[in-house]
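Inspection log for the structure reproduced underneath, given as structure tokens.
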Amino acid sequence: MKFQAPKGVSEYLPGRSVAFDYVRQTLTTAAVSAGYQLAELPVFEDTELFARGVGETTDVVTKEMYTFEDRGGRSITLRPEGTAGVMRAVIEHGLDRGQLPVKLWYTGAFFRAERPQAGRYRQFYQLGIEAIGLNDPEIDAEVIAVADRGLKALGLKDYRLEITSLGDAASRAAHRVDLDAFIAKMNMDEATRTKAAINPLRLFDDKREEIKIQMSKAPLLIDYLSAESRTHFDRVCALLDSYGIEYRLNTSLVRGLDYYTGTTFEFVHEKLGAQSAIGGGGRYDGLMRQLGGADLSGIGFGMGLDRILLACEAEELELLDSDGLDLFVIALGTESKFVASGLVNSLRSEGFNIDMSYGDRALKGAMKAADKSGARFSLVIGEDEVASGQISIKEMETGESQTLAITAIADFLDSF
RNA sequence: GUGGGCGUAGCUCAGCUGGUAGAGCACUCGGUUGUGGUCCGAGAUGUCGCGGGUUCGAGCCCCGUCGCUCACCCCA
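In structure tokens form, the structure reads like this:
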């Protein structure tokens, strides 16, 4: 029996794991720089939380959740998205009782039992932020700016921000009446009609030409916004303009999670395959109340770390890591090895990143290992060095070396 | 869940109309005694995804199966 990773999971090994971590770190920095605080949450929750939060009729809930019964007979689900869990924690611990908004960020693995394809995994990674408690356009713009700042900090260029407003409950109700009437007169197959009955907005996203042509004349939600929603959305756009963040109004932008209201957005990368959304989010007015909390509004985003890494690779960006090795130590002979490993051990404690040669490799092989390690410096310790207390430290890139006392290595490394 | 493509050394792949397996990279050792990246030489590595069938003979053909992958769908 040869074991394999479960179907469709993403995993990051040496060669790519540093770049993945760099993506996560960069987005984290963007969130922290705007005052968001870490919420470390469980990867599984009560199934009902997602059913109620994400929406009973959504694809995510109806056919993509990893649900199982635990030993106590409770129905548990591996989290398919982050917002519901954050809201649960906020409500459960009363985080919304202090000053508002509550600003949180989170990251980790999420699970959806979909058919895998490029950029779509069954276990994938997201980093998200949520600002809960105030319905202020300033916050909408901030959330979008945080995401955009993270992407720009990575050096990404070939992406676009699409934005729209889904309005408030009154806006959507008014639009729904006209849209349903419009759809009733359209030509479509049964499956599509069923889909439309569940969420008519989905038809705006349909890729088939015959549907696209018909939908091009459909009434747009953006034209039904209440005065309040309109003002809010205009303000968000004005703020983005003032930040210098470019965006494209996409009136047919539809998101698959039911809780979105008002400002809704998506970051789309142009060099990815069919799964091109690298992040997205929006405001959710009724979610917290729906989950048993106060009637507070919130807004947040989820960024797909796997896809963002793919996007960086598509743009051939150099994702520099800072955790490379400072020094590689080569010991020759049993006696010298004892001295060398003691030296390595104490230098590591002083905060340097150091690796050494193991086993009984010949010097040539050990130097090759030093080269492969990417260490900035290398040094050899043999009988002579142990006796004299002097070593020759070599800068790998230039090939130049200089002699110094073993006791002076830390100071030497510090000077770089 | 529905379709298309593909499964040969650790990786990328070659293998013409069926005659029982190869290259490059990577790896190990060496090129006179303790300094890498280039060059040269040597070496190790595969139940050709799995099962069955056709055939004197199958990596090459047929059937099934599993897996990977891309797309639909959906979304991060």
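Numbering-wise, the numbering used here comes out as the position in the first sequence, counting from 1, plus 1. Beta carbons: idealized from backbone N, C-alpha and C, even for Gly. Nothing here was measured: the structure is a model prediction, and the numbers come from that model.
Rounded to a whole number of angstroms, what is the C-alpha to C-alpha distance between residue i and residue j?
i	j	result
L204	V55	19 angstroms
L405	S374	23 angstroms
V269	A174	29 angstroms
K104	I133	6 angstroms
T399	F339	29 angstroms
D60	L297	26 angstroms
T63	G325	45 angstroms
V10	Q124	5 angstroms
R299	Y37	A quick correction: the sequence has Gly, not Arg, at residue 299. So the alpha carbons of these two residues sit roughly 14 angstroms apart.
A185	L241	38 angstroms
A312	V19	15 angstroms
R113	H94	27 angstroms
A6	T165	39 angstroms
V144	G151	11 angstroms
V24	G305	10 angstroms
G86	H233	27 angstroms
T252	A146	20 angstroms
D169	G245	27 angstroms
L414	I407	12 angstroms
A371	L157	33 angstroms
E139	A239	10 angstroms
D181	S243	38 angstroms
K422	L50	Any question about residue 422 goes unanswered here, given that the chain covers just 2 to 417.
I92	A295	8 angstroms
I382	S358	11 angstroms
K8	G99	44 angstroms
S416	F353	12 angstroms
E317	S277	17 angstroms
D137	T84	19 angstroms
L96	A40	11 angstroms
G303	R284	12 angstroms
I199	K3	43 angstroms
D356	A341	11 angstroms
I believe residue i touches residue j by the beta-carbon criterion, under 8 angstroms. Please report the beta-carbon distance rounded to the nearest angstrom.
i	j	result
D235	T262	Contact flag wrong, Cβ pair sits at about 16 angstroms.
L162	R249	7 angstroms
R449	E401	Residue 449 lies beyond the residue range present for the chain, which begins at 2 and ends at 417; the question has no answer from this structure.
A142	V33	That pair is no contact at about 18 angstroms.
S393	I331	Wrong, their Cβ atoms sit about 11 angstroms apart, outside the cutoff.
M289	M88	5 angstroms
T30	S76	With 8 angstroms as the limit, T30 and S76 do not qualify as a contact, their Cβ atoms being about 37 angstroms apart.
A148	G280	6 angstroms
Y160	G129	Wrong, their Cβ atoms sit about 17 angstroms apart, outside the cutoff.
G109	Y126	7 angstroms
L135	T265	About 18 angstroms separates the two Cβ atoms, so there is no contact after all.
S337	E384	6 angstroms
E82	L258	7 angstroms
L202	T27	Not a contact, Cβ separation roughly 33 angstroms.
A411	L348	6 angstroms
L273	R308	6 angstroms
Start and end of the alpha helix (DSSP H) containing residue i?
i	result
G109	Not the alpha helix (DSSP H): G109 falls in the beta strand (DSSP E), residues 103-112.
A198	191-199
D179	170-185
P220	Segment: none, P220 is in no alpha helix (DSSP H) and carries neither H nor E.
L155	138-155
I212	210-216
Q291	288-291
D412	410-415
K158	Careful: K158 lies outside any alpha helix (DSSP H) and carries neither H nor E.
G343	335-350
G86	84-93
L364	364-374
A388	384-389
K64	60-64
Which residue or residues does DSSP assign as beta-bridge partners of residue i?
i	result
E163	R249, E267
K395	S379, S402
V10	Q124
Q118	R121
Q418	Summary: the structure shown does not reach residue 418, with the chain confined to residues 2 through 417, and so no result is reported for it.
Which residue marks the beginning of the beta strand (DSSP E) containing residue i, and which one marks its end?
i	result
T78	76-79
D356	355-357
G129	124-133
G303	299-305
F329	328-332
F69	68-70
F45	45-47
**Prompt:** Can you give, in chain order, each stretch of the alpha helix (DSSP H) that sits fully within the region 223-284 and has at least 4 residues?
**Reply:** 228-244
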